[in-house]
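Protein chains in written order, with full-length UniProt numbering: chain A, 1 to 428; chain B, 1 to 645. This report refers to the structure that appears directly beneath it.
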Amino acid sequence: MNRSQAKLTQGIDWPIVGLYLALVTIGIMSIFAAEYRGDDNIWQNIIHLNKNYSRQMMWFGISLVLAAVIWLTDSKFFTATSNLLYAGGLLLLLLVLGIGKDVKGSHSWLVIGGFQFQPAELTKLCTNLALAKYLSSQETDFTKLRSRLIAAAIALIPAGIIILQDETGLALVYFSFFLVMFREGLPGVLLVIAFSGIVLVLSALLVDKYVLFIIFSVITALVIYFMRREIKRKRTRLLVILGVYAFCSIFVMFIVPFAFTKVLKDYQVRRIEVMLGKENDPKATYNTRQSMIAIGSGGFWGKGYLKGTQTRYDFVPEQSTDFIFCTVGEDFGFLGSVIFLGLYVALLFRIIFVAERQRSTYSRVYAYGVASIIFFHLAINISMTIGLAPVIGIPLPLVSYGGSSLMTFTMLIFIMLRLDADRQMVLR
Amino acid sequence: MSVFNQPRKRVIQAIILGMVVLIITRLFFLQIVEKKYAKLADANAVLRKVVYPSRGIIYDRQNRAILSNDVLYDLVVTPASVKAIDTGYLCKILNIDKEEFRKRIVNAIVRNGRVRQSVFAALLPAEVFGQLQESMYLFQPGFELVPRQIRSYPYAAAANILGYIGEISPEKLKDSAYASYNSGDYLGLAGLERTYEAVLMGTRGIQYLVKDNLNRPQGAYEGGEFDSAAIAGKNLRLSLDIELQQFGEKLMKGKMGSIVAIDPQTGGILAMISAPTFDPNLLTGSYRSTNSVLLNRDTTKPTFNRAIQATYPPGSTFKPMIALVGLDEGVITPSFGYPCGGAYYGCSRPIKCEHHDAGHAANLRLALSHSCNSYFSHVYRLSVDAAKFGGIRVGGLQKWSDYMNSFGFGHRIGVDIPSEARGIVPNPAFYDKMYKGSWNSCTSVFLGIGQGELTLSPLQMANAMCIVANRGSYYIPHFVQSIDNDDTHLLDKYKEKHVVAHISDTAYSAVIHGMTDVVESGTGRVAQIEGITIGGKTGTAENYGIVDGKRVKLKNHAVFVAFAPAEKARIAVAVIVENSGFGARYAAPIASLMMEKYLKDSISTKRQPLMKTVMETVTLDAAMVAKSKLDSLNASAAIKKNGTK
């Protein structure tokens, strides 16, 4: 008996399992705290599944079964079916576009037997598998532009369909795969360029175009001045600098205003402006403000479990899904929040450690994918609750209420653990 | 490659750590450095007050406000925050005993729980509110006064169109679509108030006020930095003419049925009367729940909007549409004639016609003005049996019902008030089920004269007149012409022109001339207005009901449809007067008076006696009137209004 048990769990990475269980438990406790009212009959609520925390417990149970099934599956199954699962995921996304149900303004839900299900969550897993499969295949040479473009397409096609479903937040997560590609050899300068591009677009929207033009001119003049020696040595450098300057100016002065008046529709423009806080959308600022009040009122020690007034009194909207961090921030304060974030950092670093000990590219890419997805969710979600990012509705991994999300992250992590247990094999 | 890129692990770790450090820094400022957040959350120091925006006003086409807002106050309770207060004093102000007080608190807990607000005493009378406001600090923070907006209706008309507002139900509160509502909030529950709830409600604001040790608000917290302003609801501007609406309601007094008047050039509804009707002031404020029970139970069903919810066989008023299908399909031309000798013998059972003189159906125009049953029975059969469809059961009836659907029949047209009826347009599947597969153009020949299984709502009938008057196009009938500062897409579908058939202008001219002849010299002469050419069509809808389990013929419904001026119509009307017999007797004068009122602004002296007779006529069943409390209810609303003003 003992021997077979030892065999059964052989090779499992216990630290990750422990962190996983800790986060899900904190999640259920937080959802409970967000919903609990002094006079609730807890056992009855759990049995009747009529509260989010009781349903989350059910999803946790189902997730554990899924985890066990994955653990008992042969690793080769995942490498063999990666592309098939990816194609299936895309089909599912397209299906939702056709027959999906509208929930809170996004057209991304399927209803199966009374339960709502969001395929956009699941396709993160499919995409991660497909990307690992592609990058590990023997024909792929990731130093070639062609391979990089194909890899980018694998990551961004699902994002495109998801944007059509009005779930821009979830689509954003697919950009996390560029972190994986960076690890696999995508030039670092691309990350810098992407970052600069985002800054350029945002500043074009937020700052007056003439002001920006002056700023660009000044920067260019300074650069030319400080690089005058290099420029003397090599005349083409001047052309590059002037080219970048011309591009930025034309982009800000003409392309963005043109896109806003001629290409985009009125309501799209409005949505962008609201997202950037340029136009005041009372509902959006209300959410952030209430969430900041809840977290800020936690202080250093927090008010104590179940003692928060803001989350308990329904001031914070969506408090068991997107704004679940408010409960942690209010009840456990700064200290609790830092420990909570520490758990995530530990999980992410452990996953990176696991990734680096893989022999097969497939497993390494996959594991980095898991880390990147969790990191993006974490960063965007928490930044949103503390007013660092616009309100983008994506869940906090393993903690937010939601069956699709919990099951997806469970599968992501346990497939990685399975691959890790078989790290002696060469998988591709 | 793995070895080559190994250092990049460090970069990724650095990115993660950088982000987490950024978050922790922000948390440090939010939770430790900044004290105002903690204070905001402290209910004892800062009062969080919801500011209710004023609800949008509804104006008619002449920019007259047809409803206005009054403010009354609710006393709401948060059971968990009720501290030791002088319950006796509160009970005295509210004029309730302690037992009742306890019962209301228990009720509030059962409904919304301890920490959420529930209404304790709704819509307080002015003197109670005055007393309470002075001593409110004694009862805070457990009790609060919350303003509620109550509608009032100076014209006392258009009840079924405007709808009403009321407290949100507990079921809706749980629905995520209503996430921004709190218990006790009011929202539109019917009519335009319901359809345009999103624009009418506005956006609630929040104020944070500093309180002193007696809980009295002392001014804005942090200079109002955290406040968000309430944004008033947007006003609606209707195509409705409230005077025409009132006039129509007077004409329909004592009768059962409805009037729908539409501007064919925009699709804007000018008036929509459902009779008997009620005073909208009955459904405001604290009277709403009692009165709505009484109205819903009343034998005359005043809350049933007959103009869109009831459907009737259109009778002969349907003949222009039969003609249009025949013309569009090319089975007839305007000069097509039929030798009717007093009945249609094409099917086994003859269909009687009112006329038998030779040549009364020698062409389309004559056939329409004489309302020849034989002619239209024949045209219907020609249309559905046309060889190109392979017979009625293969494609003929399907094609015919497709035409009807494009005319706006058999489905909801999409008017901007809820609960529209579809009506029935039989299609092959319908008859397959009804006759178990054995049917032909003779089984359904009654469709040709607007009888049989076909039913339309008065709105659909009026819209059909728009199609004829516009020579083949219509806009979806609607009330709201514009929304102030509109940024929604609610009205887009009403700006789109629908073209239904591609019939030549000469063919339309034949139909329109046939209809003007009806009023000039035919069955609808009573509808004439001096100086205006009117196209009209009388109809008599046979009416069957079930009495004692047997299908019996009841008294016919009178129907009249019309449009004027015939050259370029500005108004299209459909009138139904239930159980009043032949169409020309009551329906035609009512339609005509409506058109005269709208086009000429007043009724000529010559026609005043007709108007008076129509208004005084009662066709309602005497037994039903005896059981109805509607008149006394409406009278009570009028007293209430005049009494307070």
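Yeah, the Cβ is synthetic: ideal placement off N, Cα and C, and Gly gets one too. Bear in mind that the values here come from a model prediction, so they are computed numbers and not experimental data.
Tell whether a beta-carbon distance below 7 Å holds between residue i and residue j.
i, j, result
"N363 of chain B", "G337 of chain B", "yes"
"I529 of chain B", "E596 of chain B", "yes"
"S383 of chain A", "I324 of chain A", "no"
"E453 of chain B", "S383 of chain B", "no"
"I262 of chain B", "C466 of chain B", "yes"
"A584 of chain B", "G524 of chain B", "yes"
"residue 429 of chain A", "I394 of chain A", "Residue 429 of chain A lies beyond the stretch modelled for chain A, which goes from 1 to 428, so this question has no answer here."
"K563 of chain B", "V500 of chain B", "Reading off the sequence shown, one finds Phe at residue 563 of chain B, where the question assumed Lys. For F563 of chain B and V500 of chain B, no; Cβs fall outside 7 Å."
"F560 of chain B", "T533 of chain B", "no"
"Y475 of chain B", "T266 of chain B", "yes"
"Y375 of chain B", "A367 of chain B", "yes"
"A574 of chain B", "P458 of chain B", "yes"
"V480 of chain B", "D385 of chain B", "no"
"G448 of chain B", "G315 of chain B", "no"
"C126 of chain A", "L85 of chain A", "yes"
Does DSSP put residue i in a helix, a strand or coil?
i, result
"R422 of chain B", "coil"
"L416 of chain A", "Checking the sequence, you will find Met at residue 416 of chain A rather than Leu. Three-state DSSP puts M416 of chain A in a helix."
"T455 of chain B", "strand"
"S438 of chain B", "coil"
"L123 of chain B", "strand"
"Q149 of chain B", "strand"
"residue 515 of chain A", "A query on residue 515 of chain A cannot be resolved here, the shown segment of chain A reaching from 1 to 428 and no further."
"V331 of chain B", "coil"
"H557 of chain B", "strand"
"L190 of chain A", "helix"
"Y134 of chain A", "helix"
"T644 of chain B", "Low confidence applies to T644 of chain B: its pLDDT is 43, below 50, so where it sits in the model is not reliable, and the reading given next is rough at best. Helix at T644 of chain B."
On the criterion of 16 or more Cβ atoms from any shown chain inside 10 Å, does residue i qualify as buried, or is it exposed?
i, result
"Q358 of chain A", "buried"
"Y344 of chain B", "buried"
"E139 of chain A", "exposed"
"Q133 of chain B", "exposed"
"W14 of chain A", "exposed"
"T540 of chain B", "buried"
"L67 of chain B", "buried"
"P302 of chain B", "buried"
"Q6 of chain B", "exposed"
"A68 of chain A", "exposed"
"A120 of chain A", "buried"
"F226 of chain A", "exposed"
"S438 of chain B", "exposed"
If you draw a straight line from the C-alpha of residue i to the C-alpha of residue j, how long is it?
i, j, result
"V199 of chain B", "N63 of chain B", "18 Å"
"R229 of chain A", "L17 of chain B", "38 Å"
"S274 of chain B", "F304 of chain B", "8 Å"
"L593 of chain B", "V618 of chain B", "17 Å"
"L186 of chain A", "G304 of chain A", "46 Å"
"F334 of chain A", "Y134 of chain A", "43 Å"
"residue 438 of chain A", "I413 of chain A", "There is no way to answer for residue 438 of chain A, as the model of chain A reaches only from 1 to 428."
"R194 of chain B", "K497 of chain B", "25 Å"
"A34 of chain A", "V345 of chain A", "24 Å"
"V511 of chain B", "P334 of chain B", "8 Å"
"R3 of chain A", "T410 of chain A", "Bear in mind that a pLDDT of 48 at R3 of chain A, under 50, signals an unreliable position, so the model cannot answer this."
"G387 of chain A", "V256 of chain A", "26 Å"
"N296 of chain B", "G329 of chain A", "51 Å"
"Y36 of chain A", "T327 of chain A", "12 Å"
"Y20 of chain A", "F60 of chain A", "11 Å"
"G302 of chain A", "Q319 of chain A", "17 Å"
"V252 of chain A", "V244 of chain A", "12 Å"
With a floor of 3 residues, list each beta strand (DSSP E) that falls wholly inside the region 26–109 of chain B, ordered by position along the chain. 46–51, 68–77
Complete alpha helix (DSSP H) runs within the region 15–59 of chain A (minimum length 4 residues, chain order): 42–48
Runs of 3 residues minimum, wholly inside the region 263–324 of chain B: which ones carry the beta strand (DSSP E) assignment? 269–275
Enumerate, from N- to C-terminal direction, the unbroken alpha helix (DSSP H) stretches of 4 or more residues contained entirely within the region 376–406 of chain B. 397–406
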